[in-house]
Amino acid sequence: MDEKHDMEFNKDYIEPSQATRNIHYSIREVTVLARKLQKEGKRMIYLNIGDPNVYDFDLAKEAREAVIWAIQHGKCGYAPSEGLPEAIEAIEKDARDRQHIRNIVGSYMGNGASECIDLAITALANPGENILLPSPTYPQYETITSRLSIEARYYRLDESHNWEPDIEQMATLINEKTRAIVVINPNNPTGSLYSEATLRKIVELAKAHHLLILNDEIYERLVFADHAQYISLGSLDPEASVITFSGMSKAYQGPGIRIGWGIVSGKKENLESYYEAILRMARARLCASHPFQYAIKPCLEGTQSHLPGIREKLKRRRDICVEKINQIPGLSVVPSQAAFYMFVRIENCDDDAEWCRQLMVEKGVVVVPGSGFAYTEPHVGHFRIVYLADEATLIEAFDKIASFVANHNHGE
Ligand SMILES: Cc1ncc(COP(=O)(O)O)c(C=O)c1O
7 MDEKHDMEFN
17 KDYIEPSQAT
27 RNIHYSIREV
37 TVLARKLQKE
47 GKRMIYLNIG
57 DPNVYDFDLA
67 KEAREAVIWA
77 IQHGKCGYAP
87 SEGLPEAIEA
97 IEKDARDRQH
107 IRNIVGSYMG
117 NGASECIDLA
127 ITALANPGEN
137 ILLPSPTYPQ
147 YETITSRLSI
157 EARYYRLDES
167 HNWEPDIEQM
177 ATLINEKTRA
187 IVVINPNNPT
197 GSLYSEATLR
207 KIVELAKAHH
217 LLILNDEIYE
227 RLVFADHAQY
237 ISLGSLDPEA
247 SVITFSGMSK
257 AYQGPGIRIG
267 WGIVSGKKEN
277 LESYYEAILR
287 MARARLCASH
297 PFQYAIKPCL
307 EGTQSHLPGI
317 REKLKRRRDI
327 CVEKINQIPG
337 LSVVPSQAAF
347 YMFVRIENCD
357 DDAEWCRQLM
367 VEKGVVVVPG
377 SGFAYTEPHV
387 GHFRIVYLAD
397 EATLIEAFDK
407 IASFVANHNH
417 GE
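Spelled out as structure tokens, the structure:
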């Protein structure tokens with residue numbers, strides 16, 4: 007029975023809101039079929055979710071100890087809406103000293119960087135206005151703009167230039183209704199790290215058009231590039247209006263503790279009322295999870311001794327994937343320089359969602375199609391791989407992908 011039919015004939019039918027109609031999150035949606043196949047007895051290899059805890063990465067020791075302490079010491083009441091003062095102080099000190107972000111107007115905490123991004127966009131844009139998103143994008147941005155009736159305009163990341171943004175094309179998208187540019191660096195889903203020159207051009211463009219930059223740097227501690235260096239976009243111009251997002255999910259391997267933050271920087275007189283609007287919304291949702299906020303200060307002020315081992319492990323796994331991908335006819339990839347993702351190119355593919363579905367059904371390998379990241383190209387498909395899994399699992403997955411490709415090319 008379709009929805010219209012339901013509404014006409016069944017008065018008890020509970021109709022979902024229009025705001026939810028275009029909400030899709032492919033990264034988790036592919037697991038619906040995967041779980042069904044698993045229930046039927048198929049062995050599945052999940053390379054779809056960027057959750058370090060699913061693999062051999064564990065919550066940072068400093069965070070674990072601090073959270074246990076907080077729960078044992080009665081820190082389970084509501085926290086201040088913008089976040090614990092000691093955590094905010096640690097976040098801003100780290101941003102100033104290490105990332106060189108100057109002119110900090112204020113910061114706030116949320117249940118994951120996700121909530122901070124949601125608050126930032128809700129406090130900024132009105133229905134009918136637009137925000138520039140990368141293509142491919144991290145899909146959460148689309149779900150927020152869609153829910154708020156804000157138009158998402160996509161600027162292209164250029165595969166032939168290390169997946170860096172095409173700034174000329176970005177500039178053509180800006181009109182009088184544009185409010186912000188979203189920059190994800192290091193990037194999900196490509197794993198690329200943008201050059202300083204590119205970041206400077208984005209800052210110039212944003213300033214020329216009086217736009218805010220939503221600067222998602224949640225992977226900034228997971229950079230293992232050989233010849234490039236991470237530079238925070240927020241450090242480049244103290245007069246640019248920027249919110250830099252980060253959190254506990256990736257660098258400290260605690261995505262389930264749901265703690266993230268946003269740092270608002272730029273000229274105070276330009277940002278004061280906007281920051282206050284974010285705080286008004288933060289008050290309306292009470293607070294971020296209280297005991298988990300105690301993890302922030304010890305983590306940010308700690309030795310970071312866990313990070314070199316993580317980066318080393320990720321780099322090795324990246325290398326294995328690149329080597330395996332290069333051996334499969336019709337597949338290629340721009341090696342990632344950070345995070346734990348790569349966006350693999352499939353030649354002669356008109357429907358990457360169907361390609362990934364068949365791969366899952368036939369071989370039990372779960373990856374997310376490029377179209378799930380708002381990226382399509384004629385006759386070329388993509389899929390995102392998460393390479394957090396151990397080396398043996400990655401090798402097994404790519405052997406299965408090679409066999410899948412060989413079967414499907416056979417007889418063409
Ligand atoms: C680019 C990007 N931004 C934000 C998030 C969300 O982070 P959090 O777990 O802190 O909500 C993710 C999670 O995968 C991400 O990849």
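So the mapping is simple: the working numbering equals the position in the sequence shown, first residue as 1, plus 6.
Cβ coordinates follow ideal geometry from the N, Cα and C atoms, glycine included.
Problem - Closest by C-alpha distance to D405, when choosing among E329, A380, P384 - result: Walking along the sequence shown from the start, residue 405 turns up at place 399. When each option's Cα is compared against that of D405, the closest is E329.
Handout entry: Alpha-carbon spacing of L306 relative to I316, whole angstroms
Key = Translated into positions along the sequence shown, residue 306 becomes position 300. Translated into positions along the sequence shown, residue 316 becomes position 310. Rounded to whole angstroms, L306 to I316 spans 16 Å at the Cα level.
Practice task
With ligand 3 as the reference, list in chain order each residue whose Cβ lies under 6 Å from any of its heavy atoms.
Solution key: Judged by which ligands are present, ligand 3 is missing from the structure shown, whose ligands are ligand 1.
Handout entry: Where L163 sits in the DSSP three-state scheme
Key = Position 157 of the sequence shown holds residue 163. Strand, per DSSP.
Exercise for the section: Go through its chain and collect everything with a Cβ distance to N415's Cβ below 8 Å, but skip five positions before and after it. Expected result: Start at 1 with the first residue of the sequence shown, and residue 415 comes out as number 409. These residues qualify, in order along the chain: P335, G336.
Practice task
Kindly indicate which residue of V111, I187, E170, L292 has the alpha-carbon position closest to the one of E245.
Solution key: Residue numbering aside, residue 245 sits at position 239 when the sequence shown is read from its first letter. It is V111 whose Cα lies nearest to the Cα of E245.
Exercise for the section: Count the C-beta pairs between the stretch 295-306 and the stretch 265-280 that are closer than 8 Å, then say yes if the count reaches three, no if not. Expected result: yes
Practice task
Give the DSSP-derived three-state secondary structure of S23 in the structure shown.
Solution key: Sequence index remark: in the sequence shown, residue 23 carries index 17 (1-based). In this structure, S23 counts as coil in the three-state DSSP scheme.
Practice task
Output yes or no for whether 9 Å exceeds the beta carbon distance between N117 and I156.
Solution key: Counted from its first residue, the sequence shown places residue 117 at position 111. Counted from its first residue, the sequence shown places residue 156 at position 150. No; because the gap between Cβ atoms is not below 9 Å, this pair is not in contact.
Practice task
Hey, could you find the ends of the alpha helix (DSSP H) A395 is sitting in?
Solution key: Sequence index remark: in the sequence shown, residue 395 carries index 389 (1-based). Neither: A395 is in no alpha helix (DSSP H) and is coded neither H nor E.
Practice task
For V367, name the three-state secondary structure that DSSP assigns.
Solution key: As a working mapping, residue 367 is identified with position 361 in the sequence shown. In the structure shown, V367 sits in a helix (DSSP, three-state: H, G or I).
Practice task
Would you check if the distance between the CB atom of H30 and the CB atom of G272 is smaller than 9 Å?
Solution key: Within the sequence shown, the letter at position 24 stands for residue 30. Within the sequence shown, the letter at position 266 stands for residue 272. The answer is no: Cβ separation not under 9 Å.
Handout entry: Continuous beta strand (DSSP E) stretch holding D222: start and end
Key = Within the sequence shown, numbered from 1, the residue matching residue 222 stands at position 216. Start and end: 218-222.
Practice task
Compute the distance between the beta-carbons of V188 and L205, then report whether it is under 9 Å.
Solution key: Here residue 188 refers to the residue found at position 182 when the sequence shown is read from its first residue. Here residue 205 refers to the residue found at position 199 when the sequence shown is read from its first residue. No, these two residues do not count as a Cβ contact at 9 Å.
Exercise for the section: Would you kindly work out how many angstroms separate the C-alpha atoms of Q364 and I352, rounded to a whole number? Expected result: In the sequence shown, counting from the first residue as 1, residue 364 sits at position 358. In the sequence shown, counting from the first residue as 1, residue 352 sits at position 346. So the alpha carbons of these two residues sit roughly 14 Å apart.
Practice task
Take G47 and list the residues in its own chain whose beta-carbon comes closer than 6 Å to its own, dropping the five residues that flank it on each side.
Solution key: Here the question's residue 47 lines up with position 41 in the sequence shown. Closer than 6 Å at the Cβ level, and outside the excluded window around G47, lies no residue.
Exercise for the section: Please name the residue, chosen from M176, N276, A96, V367, that lies closest to I407 on a Cα-to-Cα basis. Expected result: In the sequence shown, counting from the first residue as 1, residue 407 sits at position 401. Of M176, N276, A96, V367, the residue nearest in Cα terms is V367.
Problem - The alpha helix (DSSP H) enclosing R206, as first and last residue numbers - result: In the sequence shown, the residue the question calls residue 206 occupies position 200. Counting along the chain, the alpha helix (DSSP H) containing R206 begins and ends at 202-214.
Exercise for the section: Kindly list the residues whose CB is nearer than 6 Å to the CB of E88, restricted to its own chain and excluding five residues on each side of it in sequence; keep chain order. Expected result: On the sequence shown, residue 88 is found 82 positions in, with the first residue counted as 1. Y114, L285, A288.
Exercise for the section: Work out the CA separation of L313 and D356 for me, nearest whole Å. Expected result: Mapped onto the sequence shown, residue 356 falls at position 350. Mapped onto the sequence shown, residue 313 falls at position 307. Using only the alpha carbons, I get a separation of about 40 Å.
Problem - Inter-residue Cα distance where the pair is C82 and A76 - result: Start at 1 with the first residue of the sequence shown, and residue 82 comes out as number 76. Start at 1 with the first residue of the sequence shown, and residue 76 comes out as number 70. Roughly 8 Å between the two C-alpha positions.
Exercise for the section: Look up R420 in the DSSP assignment and say whether it is helix, strand or coil. Expected result: One cannot answer for residue 420 here, as it falls past the ends of the chain, which runs 7 to 418.
Practice task
Would you list the residues sitting across from E157 in a DSSP beta bridge?
Solution key: Position 151 of the sequence shown, counted from the first residue, corresponds to residue 157. N136.
Handout entry: Sequence-distant residues of the same chain with beta carbon closer than 7 Å to L217, five excluded per side
Key = Residue mapping note: residue 217 aligns to position 211 of the sequence shown, counting from 1. Contacts found: T184, R185, A186, I187.
Problem - According to DSSP, residues forming a beta bridge with N117 - result: As a working note, residue 117 is residue 111 in the sequence shown. I265, per the DSSP bridge assignment.
Handout entry: 7 Å CB neighbourhood of L242 in its chain, flanking five on each side removed
Key = As a position in the sequence shown, residue 242 is number 236, starting the count at 1. Result list for L242: L205, R206, V209, in chain order.
Exercise for the section: Measure the C-alpha to C-alpha separation of V60 and V36 and round it to an integer number of angstroms. Expected result: If you number the sequence shown from 1, residue 60 lands on position 54. If you number the sequence shown from 1, residue 36 lands on position 30. One C-alpha to the other measures close to 16 Å.
Practice task
Find the nearest neighbour of E121 within the set H388, Q146, M348, I326, judged by alpha-carbon distance.
Solution key: As a working mapping, residue 121 is identified with position 115 in the sequence shown. It is Q146.
Problem - Coarse secondary structure for Y381, derived from DSSP in three states - result: In the sequence shown, counting from the first residue as 1, residue 381 sits at position 375. Residue state, collapsed to three classes: coil.
Exercise for the section: Could you have a look at H312 and say whether DSSP puts it in helix, strand or coil? Expected result: Taking the first residue of the sequence shown as position 1, residue 312 is located at position 306. Residue state, collapsed to three classes: coil.
Practice task
Label V38 either buried or exposed according to how many other C-beta atoms from any shown protein chain fall within 10 Å of its C-beta, with 16 as the threshold for buried.
Solution key: Position 32 of the sequence shown, counted from the start, is the residue given in the question as residue 38. With fewer than 16 other Cβ atoms within 10 Å, it is exposed.
Problem - Where the alpha helix (DSSP H) containing S252 begins and where it ends - result: The residue labelled residue 252 in the question sits at position 246 within the sequence shown. From DSSP, S252 is part of no alpha helix (DSSP H) but of the beta strand (DSSP E) over 248-253.
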